[in-house]
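Notes to accompany the following structure.
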Amino acid sequence: MRETPPQTPAEAPPSDRVVLARIAIGSALKVDGVAEPHLPPVGRRSTRSGGVRVDGVTVTASPGGGYDVALHLVARVVPLQALGERVRSRVEGAARRAGLAERLGPVSVRFEDLVEPAASRPAPPPPPVASPPAPFPGPASP
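To convert, note that position 86 of the sequence shown is 86 in this note's numbering; the numbers rise steadily by one, no gaps.
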């Protein structure tokens with residue numbers, strides 16, 4: 001009887017936790033009104049497992065089994081309660097299609113920041129005008 005060598009983390013299939021994290025953030029970013037995942041410079045919210053990191057979502061084991069999902073998002077200026085409901089519905093549908101509905105616990109949607117549409121933002125200041133270079137003091141003309 002031959003034994004299969006143990007898989008390295010790069011070869012092992014992703015855990016349900018990582019798959020749910022990918023499904024959740026991927027689904028959320030497809031909802032109109034969601035701008036991007038929230039990625040603070042310190043204390044990044046992410047799901048990590050087996051050398052894989054999925055930013056903008058934390059997936060943690062639930063006491064009742066399955067996994068709780070918390071999305072950390074930046075939204076456009078839209079009604080946030082309705083946006084949160086659309087995001088949650090999209091995540092639940094995607095988990096169901098992936099066969100992970102029973103593993104999915106509560107989905108919380110946290111809008112950590114808002115961005116305004118580009119048209120309503122003030123224009124950035126123009127770049128500073130550089131002064132022309134000083135003339136080169138070359139040899140004097142005869």
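Quick reminder that beta carbons are idealized off the backbone N, C-alpha and C, glycines included.
The structure presented is a predicted model; accordingly, all values stated were derived computationally and were not measured.
query                                                                                                                                                                   : result
Alpha carbon to alpha carbon, how far is Gly-26 from Ala-35? Give it in angstroms, no decimals.                                                                         : 12 Å
Would you give the residue range spanned by the beta strand (DSSP E) that Val-69 belongs to?                                                                            : 67–76
For Met-1, count neighbouring C-beta atoms within 10 Å of its own C-beta (all shown protein chains included) and say buried if the count is 16 or more, exposed if not. : Only weak support is given to the placement of Met-1: the predicted model assigns it a pLDDT of 40, under 50, and the question is left unresolved by the model.
Please classify Val-77 as buried or exposed, where buried requires at least 16 neighbouring CB atoms within 10 angstroms.                                               : exposed
Report yes if the CB atom of Thr-58 is closer than 8 Å to the CB atom of Arg-45, and no otherwise.                                                                      : yes
Measuring only the C-alpha atoms, how far is Tyr-67 from Glu-85?                                                                                                        : 19 Å
Measuring only the C-alpha atoms, how far is Ala-70 from Gly-56?                                                                                                        : 9 Å
Using the Cα positions of Leu-114 and His-38, report the straight-line distance between them to the nearest angstrom.                                                   : 10 Å
Helix, strand or coil for Leu-39 per DSSP?                                                                                                                              : coil
What do you reckon, are the CB atoms on Arg-17 and Ser-62 nearer than 8 Å?                                                                                              : no
With H, G and I counted as helix, E and B as strand and the rest as coil, what does DSSP make of Leu-100?                                                               : coil
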